[in-house]
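Colleague: Take this structure first; my questions come after.
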Amino acid sequence: MNEQPITHNEAEEMRGVVYVVDDDEGVRDSLQYLLEASQYQVYTFASAENFLAQFDPQAIAVLVLDVRMPGMSGLQLQEELLARKAVLPVVFVTGHGDVSMAVSTMKKGAVDFIEKPFNQADLKALVDRLLVQARERAAAVERERMNAALLARLTAREQQVLERIVAGRLNKQIAADLGISIKTVEAHRANIMDKLEANTVADLMRVALRSVSPVEN
Amino acid sequence: MGREVDGSGSVEKSRCCGLDNMHPSFMCSGWCNEASRMSNANDSRSLLGTFDSLAKAHTRPWVGAPRVPFLVIGLIVLLIAGLFVALVIEERHVKRESMSRDIDAAARQLGLRLDALGEALSGVAFDLNDARDEAVRFREQATELLGSRRELSRVQYVETSGHVIAQVDAIPTAGAVSPLEKALEARLEQFTASGTLVFSHLGEDPSQITAVVPVMRQQKVHGALVARIDGGDLLMRGVAPEIIERYRLALTVDDQVLATTAASFADGAPAHYATTISPLPANMHLKAAVYATDAPLAESAQIWGFAGMALTVVVALASLAAYMARQGRIDSALLAEAALRRAMEDSLATGLRVLDMSGAIRYVNRAFCRMSGWAAAELVGRRPPFPDWAPEDVAANMIAFNAMLAGGDPPTGTEMVVQRPDGSRFDARMYSSPLVDASGQQIGWMTSIADVTEQRRIRRELSAAHERFKTVLESIDAAVSVTASATGDLLFANRSYAERFGLTPAGHARLAAGLNQREGGEIFDPATGCWFDVRARTIQWPVDQAGAALLQNNDGARLQIASDITLRKTTEEIARQQQEKVQFTARLMTMGEMASSLAHELNQPLTAIGNYSEGTLARLRAGMLPAGDLRSALAKMAQQAQRAGAIIRRIREFVKRSEPRRRPTPAARIVEDAIAFAEIEADKKSITIVAEVEPRLPPLDVDPILIEQVLLNLLKNALDSMDRAVVPRIDVRVVAGPVDGQAEIRVVDRGCGIAPEHVPNLFQPFFSTKAEGMGMGLNICRSIVEFHHGRIYVEANPEPVGGSIVRITLPLARLAVETESALTRT
């Protein structure tokens, strides 16, 4: 297919992007045919290496991946994606059920696997579900990024105050902890609320508590 | 040589010292005879004494000896020659002296005579002083003179002018006077002037001497008398006869012979002597020569005697020289021989010892000293017990020694232990014989001693090696036998052979027949019922006299080694069976793998077809299916279907390659093999599998591996159905089949049986009631059985406990050629 990395536009992402990686041309091509019947935007790759070279890690997409491939296998690709901290959900396509492999892939974070020959309806449902998940996650990631940016506005002292607010400490206690006056604490509080664009304490908490990378969750 | 061999070839011992009788390595050259002759052979002690003296003698033959007498001879000869020469010279000198003496005497005599003559003549001349009748008076006195002096031949009375007045001749001549010679006439005056008688040679006749005496008248020379003297007559009358006998005399004038007494006178003759005669002039000599036949011989008797004596001395000395030379040669030869003997003796490895009649050691050779470690000085002169005897053997040795002194050692010798000064010992073999001198008398004993330690050791080792070899042969399990190729007689058999086959060649022959000219093989011996690994070879059998007869021209012998391999055979058989099982299992595994990969391969095109189909359906539902899309999808679908077809074709080809191979196989073996394999699992479940094969059933015409596979599959099914069986037993029965030419195998289990609803699907592919079953088993079994033109039936076990019975019919082999006895017994 293309040699350059792919970027997706809004329209594509609305429809849903599906990456298909399978060494067998018949399966690959027929899978594309099948998925396109569900209006997905399908990109196919003959090998895991090709895929890695071209896929867009930021895209909201689903990866349909054959387990048994020459060269880099499906499992190895999954590990590579993990190493790159890609959040791409993966559907493993297996030719023969392998319980232990399923367990290991699941542990590593693959979302599901499906046996071939597969059912079109099943496949569509699965892809849809995963896309929704991908979107949600992307949104969550975005939120957290924003929160992190907001939190970055805080000074060190303000961060210390915020920590204690989140811990449920009263102003008085905060003042005592940090060795400053209550007034100062209140002033800090106001600044914090401003900077973090929070109206309520609840908002504040939300911002503060969500500033963690989704992968580490 | 001192040996004499008589007609029979034996050696006469009479003349020799007996050295060469002692030992084959000795040979006497006869020098002992010489030695004994030289040193008085009858004294036996002195013969032995020559050992000592020769041992001590450092003499070398005096090299210069023969030369001395020659020197002496030479000197003497020189001396004699010198003396001889001196004598000769002396003789000559003496002779010469004597001659001079004699001749001087003769000259004197002549001189006297001439003087007398001169006197007489002078007297006549004086008388003629008176002139009266001078002629007559002259004639008278002259005649008288002539008569008394015969050497005168003429007297002439001459005037001063020379005119002859008167002449008287001794022999009257016819003519009265002869004139004076002119020469004389010329000198007449001179002569007469002297006033005395003068002799001269001037005369007519060369052999005459002329005497001239003046006749004086009144103190004046009136005339002269001239007398002629015959030289020869003068010599003959004037010289003593013995001188004339001895010498040749001659009167010479100016070295010309005037007259001589001998017939011939050569001036140069030996021992020539000349002297003058006093009244005669100086140029006249009396010469003498010795007669050649003079007899110095007679006078030299003493010289000759001396020469004779000298000759005798020379001869004597020459003889002495020759004698000494010969002696010198003998000496050299003797000493060389002695040295050679000594060298031989010393280089002998065998020790030699000479004893005298009393048993004392007289001599030991170097080898003996070297061997025994004792120096000669320590041994010579000693009497027994000798220092080289081991203390504990002294008594025994003394007995043996005395026996030897009495009659000598046996020809094979005796063995004894010899002890060295340091106490170490060695085994020695000794041979003693009498030592006999040239006259045949025994003078002692000669012993040769050889170190047999090495021999003994070798003998022991040989014996030990033989024992070891024997032990090995007897201990090995294999039966070793050797038979003569020609007659088949048993030449050798080890214990194993004897125990198995007895000491007869029958067993060997049976195995050999089984080999049938091969060099090795596995033979079954019906007599003993054992399998043997037999190796055989033709060999040369070393024999003694007795054995050679058996071998008959030594065609060789046959060596055979037979190892009992019965146990190995059975083990091998079991191993073979195990091997077949392993292969069988491997086949199953391969099949599993093959099925797995087959599934995967077929899955691919199948998935693709499914995707295309569902994709098309989805598009149709959504109402968007462009004709182009549909066409391409359908085309691709068809492609995938073909791909699937290709896979199927490959499988078919694979299957064809492993076509079954049918051969007559006894049912019992198949059953045993399958059971043996299934027993592993049966044991785990504590289920027994019992086989019942109809006896005398002909073999089945089947591919044993496939049928085994089928049977194993059935057994596994049976086992799988009997997890908690009441009767934990599976029966496998083989009976002659319902139809002629067939056999039936029945597998009876008491498991859970087969539910009726499953029965129609039993042989469907992929049908399985088991959790992890692939469902291939019965289907394949049916294929295999039907390939063999047989059938497979499944029915319920009518026994109360239930279970299933699976029956398979299979064809029997039409011709049963195999000797099943041998095969089924294993």
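One line per chain: the protein sequences are A and B, in this order.
All residue numbers for the first sequence refer to the working numbering, where the first residue is 5 and numbers rise by one.
All residue numbers for the second sequence refer to the working numbering, where the first residue is 130 and numbers rise by one.
Cβ atoms here follow ideal geometry from the backbone N, Cα and C, with glycine treated the same way.
Taking a cut of 7 Å between CB atoms, which residues from the region 23–57 of chain A lie near chain B?
Modeller: Correct list: Asp28, Gly30, Val31, Asp33, Ser34, Leu35, Tyr37, Leu38, Ala41, Ser42.
Colleague: If you check the beta carbons only, do Ala872 of chain B and Leu763 of chain B fall under 8 Å apart?
Modeller: Cβ atoms of Ala872 of chain B and Leu763 of chain B: not closer than 8 Å.
Colleague: Given this structure, state the Cα-to-Cα distance separating Gln771 of chain B from Tyr44 of chain A, to the nearest angstrom.
Modeller: Rounded to the nearest angstrom, the two C-alpha atoms are 29 Å apart.
Colleague: In angstroms, rounded to a whole number, what distance separates the CA positions of Ser407 of chain B and Arg242 of chain B?
Modeller: Answer to the nearest angstrom: the Cα atoms are 11 Å apart.
Colleague: Give, in chain order, every residue of the region 760–781 of chain B whose Cβ lies closer than 9 Å to some Cβ of chain A.
Modeller: So the list reads Ser761, Ala762, Lys765, Met766, Gln768, Gln769, Arg772, given in the order they occur along the chain.
Colleague: Thr188 of chain A by DSSP, collapsed to three states: which one?
Modeller: Thr188 of chain A falls in the helix class under three-state DSSP.
Colleague: List the residues of chain A that Gly120 of chain B touches, going by C-beta distances under 9 Å, in chain order.
Modeller: Here chain B covers residues 130 to 955 and nothing more, so residue 120 of chain B does not appear.
Colleague: For Gly932 of chain B versus Val863 of chain B, is the C-beta spacing smaller than 8 Å?
Modeller: Not closer than 8 Å, so no.
Colleague: Drop a sphere of 10 angstroms on the beta-carbon of Arg792 of chain B, count the other beta-carbons inside from all chains shown, and report buried for 16 or more, exposed for fewer.
Modeller: Arg792 of chain B comes out exposed.
Colleague: Could you check the C-alpha separation between Pro539 of chain B and Ala532 of chain B for me, to the nearest Å?
Modeller: The straight-line gap from Cα to Cα measures roughly 10 Å.
Colleague: Of all the CB atoms in chain B, is at least one closer than 8 Å to the CB of Ser217 of chain A?
Modeller: Residue confidence is low: Ser217 of chain A scores 39 on pLDDT, short of 50, so the model does not pin down where it sits. Its coordinate-derived value is still stated next. Answer no: the Cβ-Cβ gap between Ser217 of chain A and chain B never drops below 8 Å.
Colleague: Check for me: the beta strand (DSSP E) holding Glu823 of chain B runs from which residue to which?
Modeller: Looking at the DSSP string, Glu823 of chain B is not in any beta strand (DSSP E), and its letter there is neither H nor E.
Colleague: If you draw a straight line from the alpha carbon of Arg629 of chain B to that of Gln669 of chain B, how long is it in whole angstroms?
Modeller: If I take the Cα positions, the gap works out to 25 Å.
Colleague: If you compare alpha carbons, which of B:Thr289, B:Arg687, B:Leu481, B:Asp233 is closest to Met575 of chain B?
Modeller: Of the listed residues, the one whose Cα sits closest to Met575 of chain B is B:Leu481.
Colleague: Should the region 135–144 of chain A be regarded as contacting the region 171–186 of chain A, the criterion being three or more beta carbon pairs within less than 8 Å?
Modeller: Judged by Cβ distances under 8 Å, the region 135–144 of chain A makes no contact with the region 171–186 of chain A, as fewer than three pairs qualify.
Colleague: At a cut of 8 Å, does the region 603–619 of chain B reach the region 634–650 of chain B through at least three beta carbon pairs?
Modeller: Touching, yes, given that three or more Cβ pairs across the two stretches are closer than 8 Å.
Colleague: Taking only beta-carbon positions, decide if Ile937 of chain B is within less than 8 Å of chain A.
Modeller: Cβ-Cβ to chain A under 8 Å: no for Ile937 of chain B.
Colleague: Measure from the C-beta of Glu220 of chain A to each C-beta in chain B and report whether the shortest distance is under 8 Å.
Modeller: Residue confidence is low: Glu220 of chain A scores 37 on pLDDT, short of 50, so the model does not pin down where it sits. No coordinate-derived value is stated.
Colleague: Classify Tyr626 of chain B: buried if its beta carbon has 16 or more other beta carbons within 10 angstroms, exposed otherwise.
Modeller: Classification for Tyr626 of chain B: buried.
Colleague: Within 8 Å of any Cβ in chain A, is that where the Cβ of Gly721 of chain B sits?
Modeller: Output row for Gly721 of chain B: interface = no.
Colleague: State buried or exposed for Gln712 of chain B, treating a residue as buried only when at least 16 other CB atoms are found within 10 Å of its CB.
Modeller: When all chains shown are included, Gln712 of chain B counts as exposed.
Colleague: Three-state secondary structure (DSSP) at Cys498 of chain B?
Modeller: Helix, per DSSP.
Colleague: Could you give the C-beta distance for Leu826 of chain B and Ala865 of chain B, rounded to a whole number, given that I count them as a contact under 8 Å?
Modeller: Yes, they are in contact, since the Cβ atoms of Leu826 of chain B and Ala865 of chain B sit about 6 Å apart, within 8 Å.
Colleague: What's the call for Thr794 of chain B, buried or exposed, on a 16-neighbour Cβ count within 10 Å?
Modeller: It counts as buried.
Colleague: Assuming His414 of chain B is part of the beta strand (DSSP E), what are its boundary residues?
Modeller: Here the beta strand (DSSP E) through His414 of chain B covers 413–419.
Colleague: Buried or exposed: which applies to Gly78 of chain A, given that a residue is buried once 16 or more other Cβ atoms fall within 10 Å of its Cβ?
Modeller: Looking at its Cβ environment, which holds 16 or more other Cβ atoms inside 10 Å, Gly78 of chain A is buried.
Colleague: Rounded to whole angstroms, what's the CA-CA distance from Ser282 of chain B to Ala315 of chain B? Just pull it up for me.
Modeller: Rounded to the nearest angstrom, the two C-alpha atoms are 22 Å apart.
Colleague: Measuring CA to CA, which of B:Lys814, B:Val831, B:Arg779, B:Val800 is closest to Arg790 of chain B?
Modeller: Comparing Cα positions, the closest option is B:Val831.
Colleague: Can you give the beta carbon distance from Ala356 of chain B to Ala340 of chain B, rounded, assuming they're within the 8 Å contact cut?
Modeller: The pair is a contact, with the Cβ atoms about 4 Å apart (cut-off 8 Å).
Colleague: Below 8 Å between beta carbons: does that hold for Asp517 of chain B and Val483 of chain B?
Modeller: Contact flag unset, no.
Colleague: What is the DSSP secondary structure of Phe4 of chain A, counted as helix, strand or coil?
Modeller: There is simply no residue 4 of chain A to check, as chain A begins at 5 and stops at 221 in what is shown.
Colleague: Restricting to Cα atoms, I'd like to know which of B:Lys349, B:Thr699, B:Ala489, B:Arg879 is closest to Leu844 of chain B.
Modeller: Of the candidates B:Lys349, B:Thr699, B:Ala489, B:Arg879, the one whose C-alpha sits nearest the C-alpha of Leu844 of chain B is B:Arg879.
Colleague: Which one of A:Leu67, A:Leu56, A:Ala50 has the shortest CA to CA distance from Arg133 of chain A?
Modeller: With distances taken between Cα atoms, Arg133 of chain A lies closest to A:Leu67.
Colleague: Counting only Cβ-Cβ distances shorter than 7 Å, please list the residues of the region 829–858 of chain B near chain A, keeping chain order.
Modeller: Answer set for the region 829–858 of chain B: empty.
Colleague: For Leu735 of chain B, which residues in chain A fall below 7 Å Cβ to Cβ?
Modeller: Within chain A, the residues near Leu735 of chain B are Pro121.
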